[in-house]
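The structure under discussion appears below in the form of structure tokens.
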Amino acid sequence: MADSEYHISAWWVLPISAIAWWACGFLPWLLQALYEVTGLADGSTAGVAGFSPLPFTTDDAVVGLVVMALVGGLLAGVAAGLPASAGAGAGAAIAGTLIAMAAAGGTSWWLAMRESVPGDAGPLAMLVVTGAAGLVGLGAGLLTALGPAALRGLALALPVVLLDGWFWGFVPGQPVSPTGTWWIFAVALGVAFGLAVDSRPIELLGWLPAAGVVWVLQAAGPALLAVQENIWPGSAPTEDPLSAVGIVWDEIASAAIVSEGHQLGAWVVALLLGAAIAALRLSREAPDEGELSEAWA
């Protein structure tokens, strides 16, 4: 019963998840718009009259939308762990995220279509990309908040790999695009693995499959860039969206069997940092268990 005071009502998760998906996930886009207003960066949203909640008209729209929608979905899903009831928290997080998607996506689509040629499928395709990435991130967030410890590292693998692109989006004039900033990746990976351990050291074994998944998914950034570079009027991804899946698959499959681009120094830092965080969490729980044992003795 003592833990109940640390939980909030599931109703609060509804606005929290909605705000987390858009205001937090698309924070780089919001900052770039602020930079343009203040003169810190050149304007790049000339395609739409006024501010668009989603970056439909930027040159890096595909990669930026995927990264920000996925990170936002992760944050929204993690909010499901705030209430005492896991089911109510998950339902509120899903509802809040879908509401935010509908509001931001609908407004952006309407603004983009006002400036586009009638019948242009570009805004609709961007909505599909945003929705798919947001749902993947939401699933990862729900699994991180409510799933077993052994699966949390796996759930965090893709968001961690794309996280450096999200951070680079804070720099004025810098697009939201993964750049292989391995030290940021190492810090994020170490924190993710350290937090994946609850109370048993055996849970450290959950790092092994997660590390393998991250090794492969390091090609996610280049794969998204490859898709973006192959999109133009009449291109294969434009005519057949499923062909983009083939491009992503080819990029990721090749990365799974070669060591080029995988920097081992970042892995060492990640594992040491993760072990330190896990040890700190386990050491804090040990005194509590000792006090309980003495009380019952």
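In this text, residue positions in the sequence shown follow this note's numbering: the first is 33, and each later residue adds one. Cβ atoms here follow ideal geometry from the backbone N, Cα and C, with glycine treated the same way.
Item                                                                                                                                                                     : Value
With a threshold of 16 other CB atoms inside 10 Å of the CB of PHE202, please say whether the residue is buried or exposed.                                              : exposed
Where does the unbroken alpha helix (DSSP H) through SER70 begin, and where does it stop?                                                                                : For the sequence presented, residue 70 should be read as Thr rather than Ser. 59-70 is the span of the alpha helix (DSSP H), which, as asked, contains THR70.
Within its chain, find whatever has a CB closer than 6 angstroms to the CB of GLY197; leave out the 5 residues flanking it on each side and keep chain order.            : VAL99, VAL208, SER209 and PRO210
Hey, how far is the Cα of ILE131 from the Cα of ALA122?                                                                                                                  : 14 angstroms
Can you have a look at GLY71 and say buried or exposed, based on whether 16 or more other CB atoms are within 10 angstroms of its CB?                                    : exposed
Express the C-alpha separation of ALA177 and ALA220 in angstroms, rounding to a whole number.                                                                            : 17 angstroms
Could you check if ILE40 is buried or exposed, using at least 16 other CB atoms within 10 Å of its CB as the buried criterion?                                           : exposed
If you follow the alpha helix (DSSP H) that ILE51 is part of, which residue opens it and which one closes it?                                                            : 42-51
Judging by CA-CA distance, which residue of ARG313, THR162, PRO204 and LEU305 is the nearest neighbour of VAL69?                                                         : PRO204
CB-CB under 7 angstroms to PHE199, same chain, minus the five flanking residues each way: which ones, in chain order?                                                    : ILE216
ILE51: which of ALA108, PHE83, GLY96 and ALA101 sits nearest, CA to CA?                                                                                                  : ALA108
Which residues mark the beginning and the end of the alpha helix (DSSP H) in which ALA108 is found?                                                                      : 93-110
Between the beta-carbon of GLY137 and the beta-carbon of LEU106, is there less than 8 angstroms?                                                                         : no
Do you know offhand how far LEU15's Cα is from ALA144's?                                                                                                                 : Nothing about residue 15 can be read from this structure; the chain reaches only from 33 to 329.
What is the DSSP secondary structure of VAL192, reduced to helix, strand or coil?                                                                                        : helix
For TRP141, count neighbouring C-beta atoms within 10 Å of its own C-beta (all shown protein chains included) and say buried if the count is 16 or more, exposed if not. : buried
Can you tell me whether ARG146 is buried or exposed? The criterion is at least 16 other CB atoms within 10 Å of its CB, across all chains shown.                         : exposed
Can you tell me whether TRP43 is buried or exposed, with buried defined as 16 or more other CB within 10 angstroms of its CB?                                            : exposed
Within a Cβ cutoff of 6 angstroms, which residues of the same chain sit near GLY96, ignoring the five residues on either side of it in sequence?                         : PRO87 and VAL208
In this structure, how does DSSP classify PRO87 when only helix, strand and coil are distinguished?                                                                      : coil
For ILE309, does the three-state DSSP call read helix, strand or coil?                                                                                                   : helix
Could you round the C-beta distance between ILE309 and GLY166 to whole angstroms and report it? I think they count as a contact, below 8 angstroms.                      : Contact flag wrong, Cβ pair sits at about 28 angstroms.
For a quick check, are the C-beta atoms of GLY163 and ALA242 less than 8 angstroms apart?                                                                                : no
So the candidates are ALA116, ALA120, LEU170 and SER117; which of them puts its Cα closest to the Cα of THR129?                                                          : LEU170
Kindly give me the distance between the Cβ atoms of ALA112 and VAL45, rounded to whole angstroms, as I take these residues to be in contact under 8 angstroms.           : 6 angstroms
Taking 8 angstroms as the cut-off, decide whether the C-beta atoms of ALA252 and LEU195 are in contact.                                                                  : no
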